[in-house]
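Participant:
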Amino acid sequence: MIYTITLNPALDYIVHVDDLLIGKINCNESEDLRAGGKGINVSTMLHTLGIKNIAIATVAGETGKFIERMVEDRGVETRFIYLNEGYTRINVKITAKESTAFNGIGPSIDTTIISEIMDRIGTLSPSDYVVIAGSLPKTAPRTLYSELVSTLEEHGVEIIIDTAGRLLKDLLVYNPLLIKPNTEELSEYFGKVVNDTEDIIRCAKLLQTAGARNVLVSQGSDGSILLDENKRVFIGNSPGGPVVNTVGCGDSMVAGFIAGYLQHKDSLEAYKFAIAASTAKAVCATEISSQFVQEMANHVLITGFDAT
0 MIYTITLNPA LDYIVHVDDL LIGKINCNES EDLRAGGKGI NVSTMLHTLG IKNIAIATVA
60 GETGKFIERM VEDRGVETRF IYLNEGYTRI NVKITAKEST AFNGIGPSID TTIISEIMDR
120 IGTLSPSDYV VIAGSLPKTA PRTLYSELVS TLEEHGVEII IDTAGRLLKD LLVYNPLLIK
180 PNTEELSEYF GKVVNDTEDI IRCAKLLQTA GARNVLVSQG SDGSILLDEN KRVFIGNSPG
240 GPVVNTVGCG DSMVAGFIAG YLQHKDSLEA YKFAIAASTA KAVCATEISS QFVQEMANHV
300 LITGFDAT
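Going by numbering that gives the first Met the number 0, the sequence shown opens with residue 0, and the numbers climb by one from there.
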């Protein structure tokens, strides 16, 4: 079984205006409400790809209930944990000539949540996969993730990590199957601008030396780079198409990698599905089908790179 864990989900209120006018009334051209959170997005794409998974999240208040209904309506099985106080955050994302976002704070959680998460998961085996994705609420102790992963590691499960900064650094020692920083997160992690191919590969090697088995670096419209568990370096580009949505593309990339890895147990094939899923998310204004993702996978271009 695959479990996704989202400890800081959100209700995303997405609006589009032609030109954002500061200090004035803006009339929305379009708007949408979405269940947000990296782990939730991974679960949704996995379900689209026909892969059964269970979404675990900590939520609170009416916004938490609304998010759970939205996720269940997409066909994903949920085992949400309801907190007694506060409410799940609402993130406002404004798209105009430039994108602007306001992210909420979220309710308080602490390490006592770990036992509730393990209760929701139940029996684990080495054939299971657990995805730890997204940030922690600002109120949560930094050690929460590392204590959770330490508990999971005792069961021999495969761990996938999609978080950033100090949280990522704390978790590399657990040898995750996959981490997926983007170039901005990579730059933040190493305290310098990281944008050219050679520099990205050097940084990815350092992350691998620290414990990550596969390091997948997303570069937005510039493609992506994979340093895989066999020390191979690959550069991938999407099949193309006009981009209509970038929200959740990185999370779809994680889901695609898992789907490909489950089927082939090969990081190169997993990488192909990662790119395909991310591309499908980016170019589709409507619902995505597994057939469309497969079509994208048939046109993905991946080349080897000699980094010696």
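Each residue gets a CB set at the ideal place from its N, CA and C atoms; glycine is no exception.
1. Check for me: the beta strand (DSSP E) holding E30 runs from which residue to which?
2. Please state whether DSSP places D338 in a helix, a strand or coil.
3. Tell me the rounded alpha-carbon separation between G219 and G60.
4. Verify whether the separation of the beta carbon atoms of N213 and L177 is less than 8 angstroms.
5. Taking only three categories from DSSP, how would you classify G255?
6. Mind checking whether A9 and G38 have CB atoms under 8 angstroms apart?
7. Alpha carbon to alpha carbon, what distance is there between G36 and K264?
8. If you follow the beta strand (DSSP E) that A56 is in, where does it begin and where does it stop?
9. Just the Cα atoms here: how many angstroms apart are V130 and T5?
10. Using 10 angstroms around the beta-carbon of F79, count the other beta-carbons present and answer buried if the total reaches 16, otherwise exposed.
11. For the alpha helix (DSSP H) containing D221, name the first residue and the last one.
12. Who are I1's beta bridge partners in DSSP?
13. Would you identify the three-state DSSP class for D118, choosing helix, strand or coil?
14. Verify whether the separation of the beta carbon atoms of N90 and Y12 is less than 8 angstroms.
15. Identify whether A163 lies in helix, strand or coil by the three-state DSSP scheme.
Facilitator: Quick answer:
1. First-last of the beta strand (DSSP E) with E30: S29 to G35.
2. No answer is possible for residue 338: the residues shown for the chain start at 0 and end at 307.
3. The C-alpha of G219 lies about 35 angstroms from the C-alpha of G60.
4. yes
5. Here G255 sits in helix by DSSP.
6. no
7. Cα to Cα, K264 sits roughly 27 angstroms from G36.
8. Bounds of the beta strand (DSSP E) holding A56 are N52 to V58.
9. 9 angstroms
10. buried
11. Taken as a continuous stretch (DSSP letters only), D221 belongs to no alpha helix (DSSP H), as it is neither H nor E.
12. For I1, the beta-bridge partners assigned by DSSP are N52 and Y128.
13. helix
14. yes
15. Coil.
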